[in-house]
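If you count the sequence shown from 1, position 227 lands on 243 in the working numbering, and the numbers rise without skipping.
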Amino acid sequence: MTEWFFHNGQQQAGPLDDAAARNFARANPGAHCWREGFTDWLPVGQVAELYGGTASSAPPPPPPGGGGIWGAFAGGGNPFTPPPPGTASALDYTIHGHEMQYVSVSLAPGDSAIAEAGALLYKDASVDMNTIFGDGSSRDGGSVLDQLWGAGKRVLSGSTLFTTVFTQRGSGPGTVAFSAPYPGTISALKLADYGGRLICHKDSFLAAARGVAIGIYFQRRILTGLFGGDGFIMQKLEGDGIVFIHMGGTLVERTLQPGEVIHVDTGCLAAMTADIDFDVEQVGGIKSMLFGGEGLFFARLRGPGKVWLQSLPFSRLAGRMLASSLVGTREEGGVFGAIGNILDKR
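The following block contains the structure:
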């Protein structure tokens with residue numbers, strides 16, 4: 017089945033099948049369209065497939081009233097420069113809550129969002145849910161090898177083999193909401209504002225506009241890979257759309273000037289721009305390393321660039337819960353614990 021995509025200068029629509037594409041073209045004669053095999057976006061009036069006849073050399077006449085974007089056609093040329101196929105969809109979203117947040121996304125007909133497996137909170141019935149290999153950044157799905165490589169990169173970066181794609185199939189907008197598996201803050205970041213790339217902690221990515229590519233970022237420094245808190249592989253998010261990053265506890269944003277350095281607990285780095293220099297630095301003397309509670313190394317972040325820090329990384333929360341459970345087990349092993357066990361059995 018051919019998948020069609022449309023752009024009218026304000027919003028995108030797609031993928032649409034042939035019948036829906038013909039209906040959309042008749043209702044939006046000033047739009048541009050693209051499908052696999054096209055080298056560029058074309059005015060719908062120049063595509064014979066959408067009208068069942070011979071394509072015109074110019075866009076069809078404007079609808080009565082001269083609405084939409086037809087005023088720009090009068091002087092010749094295209095009224096806008098459509099984004100290239102594969103760019104991320106624009107998303108309308110709302111972040112709800114404070115300490116335990118979730119994000120709801122409003123999808124226009126044909127728009128899609130991607131999310132980590134298990135991130136769904138709720139969705140409208142008109143929103144279609146589809147599980148795919150990789151990250152879905154390629155609209156045509158790519159070859160089998162491309163899909164396997166995309167899925168493999170996700171596994172290496174700490175995610176699952178699969179990504180869930182949510183697409184609005186109804187005639188109006190649809191809503192889908194995502195939540196994180198542990199308490200924290202959700203931040204919406206537009207990749208285009210940060211050079212099209214962000215480097216993230218393995219557990220930080222929650223959801224994004226479809227078209228965002230999720231890859232792997234290798235730590236080239238041995239000590240940073242061993243003691244930096246994230247291992248040798250982090251997540252790399254690339255594209256121009258919006259991504260939703262989840263950070264444990266409270267979010268801290270810092271913009272570092274050229275040469276400015278901060279020391280961070282190795283588990284508290286949630287995300288950073290690609291131009292940040294990330295390395296490790298020894299905590300201090302022997303006493304600090306053994307009894308300071310911060311391990312052997314700090315994460316050293318050097319500007320220029322921006323970093324996002326999390327006040328309660330999941331590793332710290334899980335470690336404290338494990339320690340408490342072990343203490344509770346030892347206490348229950350005493351005299352009163354034994355008496356309680358006897359009473360429970362009666």
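By construction, the Cβ of each residue, glycine as well, lies at the ideal position given by its N, Cα and C atoms. Please read these numbers as outputs of a predicted model, since none were measured by experiment.
Residues near residue 316 by beta carbon distance below 7 Å, same chain, minus five either side: Cβ contact annotation for residue 316 (same chain, cutoff 7 Å, sequence separation greater than five): 277, 279, 295, 296, 297, in chain order.
Beta-carbon spacing of residue 195, residue 263 below 8 Å: No; because the gap between Cβ atoms is not below 8 Å, this pair is not in contact.
Spatial neighbours of residue 139 in its chain, beta-carbon cut-off 6 Å, leaving aside the 5 residues before and after: Answer for residue 139: 192, listed in chain order.
Residues bridged to residue 321 (per DSSP): Per DSSP, 272.
Residue 249 vs residue 234 beta-carbon contact at 8 Å: Against a cut-off of 8 Å, the Cβ pair of residue 234 and residue 249 comes out as a contact.
CB contact below 8 Å: residue 54 versus chain C: Although the question refers to chain C, the structure presented lacks it and comprises just one protein chain.
Selected residue, minimal CA-CA separation from residue 131, among 117, 146, 125: Out of 117, 146, 125, 146 has the C-alpha closest to the C-alpha of residue 131.
For residue 211 and residue 256, believed in contact at Cβ under 8 Å, the rounded distance: No, residue 256 and residue 211 are not in contact; Cβ-Cβ is about 10 Å, not under 8 Å.
DSSP beta-bridge partners of residue 180: Looking at the DSSP output, residue 180 bridges to 131, 147.
Classification of residue 271 by the beta-carbon crowding that lies within 10 angstroms, buried from 16 upward: By the neighbour-count criterion, in which 16 or more other beta carbons inside 10 Å mark a residue as buried, residue 271 falls on the exposed side.
Close-in-space but distant-in-sequence residues of the same chain around residue 60 (CB under 6 Å, 5 per side omitted): Correct list, in chain order: 41, 47, 49, 66.
For residue 51 and residue 62, the rounded distance between their alpha carbons: Taking the straight line joining both Cα atoms gives about 13 Å.
Reference residue 123; option with closest CA among 43, 31, 268: Of 43, 31, 268, the residue nearest in Cα terms is 31.
heavy atom of the ligand GTP below 7 Å from residue 134 C-beta: As for the ligand GTP, it is missing from this structure, which has no ligand bound.
Reference residue 203; option with closest CA among 43, 115, 39: Out of 43, 115, 39, the CA that lies nearest to the CA of residue 203 is found in 115.
For residue 332 and residue 338, the rounded distance between their alpha carbons: Between the C-alpha atoms of residue 338 and residue 332 there is a straight-line separation of about 10 Å.
Other residues of its chain near residue 404: CB distance less than 6 Å, five sequence neighbours each side excluded: It is not possible to answer for residue 404, since the shown part of the chain is limited to 17 through 362.
Proximity to residue 313 [Cα-Cα], best of 227, 137, 323, 299: Relative to the Cα of residue 313, the nearest Cα in the group 227, 137, 323, 299 belongs to 299.
With 16 other Cβ atoms within 10 Å as the buried cut-off, status of residue 334: Within 10 angstroms of the beta-carbon of residue 334 lie fewer than 16 other beta-carbons, which makes it exposed.
Burial state of residue 149 (16 or more Cβ within 10 Å): Result: buried.
Neighbourhood of residue 268 by C-beta distance below 6 Å, restricted to the same chain and skipping five residues each side: Once the five neighbours on either side are set aside, the close Cβ partners of residue 268 are 325.
Same chain, Cβ closer than 6 Å to residue 358, five either side skipped, listed in chain order: For residue 358, the pLDDT reaches just 49, beneath the cut-off of 50, and the residue's location in the model is therefore unreliable, although a value from the coordinates is still provided. No residues qualify anywhere along the chain.
C-alpha gap between residue 286 and residue 318, whole angstroms: The alpha-carbon of residue 286 is positioned some 15 Å away from that of residue 318.
Nearest residue (CA-CA) to residue 34, options 28, 43, 44, 18: Nearest C-alpha to residue 34: 18.
Three-state class that DSSP yields for residue 209 in the structure shown: Three-state DSSP puts residue 209 in a helix.
Same chain, Cβ closer than 7 Å to residue 186, five either side skipped, listed in chain order: Only 125, 142 meet the Cβ criterion.
For residue 117, the three-state DSSP class (helix, strand or coil): Note: residue 117 maps to coil in three-state DSSP.
Under 8 Å between C-beta atoms of residue 121 and residue 133: No.
Which of helix, strand or coil DSSP assigns to residue 30: Residue state, collapsed to three classes: strand.
Among 265, 110, 340, 190, nearest to residue 259 - alpha-carbon criterion: Comparing Cα-Cα distances from residue 259 to each of 265, 110, 340, 190, the minimum goes to 110.
Residues bridged to residue 20 [DSSP beta-bridge criterion]: DSSP lists 32, 51 as partners of residue 20.
Pick from 201, 38, 254, 179 that is closest to residue 229, judged by C-alpha positions: Of the candidates 201, 38, 254, 179, the one whose C-alpha sits nearest the C-alpha of residue 229 is 254.
Exposure of residue 28, with buried meaning 16 or more beta-carbon neighbours within 10 Å: By the 10 Å Cβ count, residue 28 comes out buried.
C-alpha gap between residue 209 and residue 342, whole angstroms: Between residue 209 and residue 342, the C-alpha separation is close to 46 Å.
Alpha-carbon spacing of residue 180 relative to residue 222, whole angstroms: Rounded to whole angstroms, the separation of the alpha carbons of residue 222 and residue 180 is 11 Å.
Test item: CB-CB of residue 252 and residue 289 under 8 Å: Residue 252 is not a Cβ neighbour of residue 289, given a cutoff of 8 Å.
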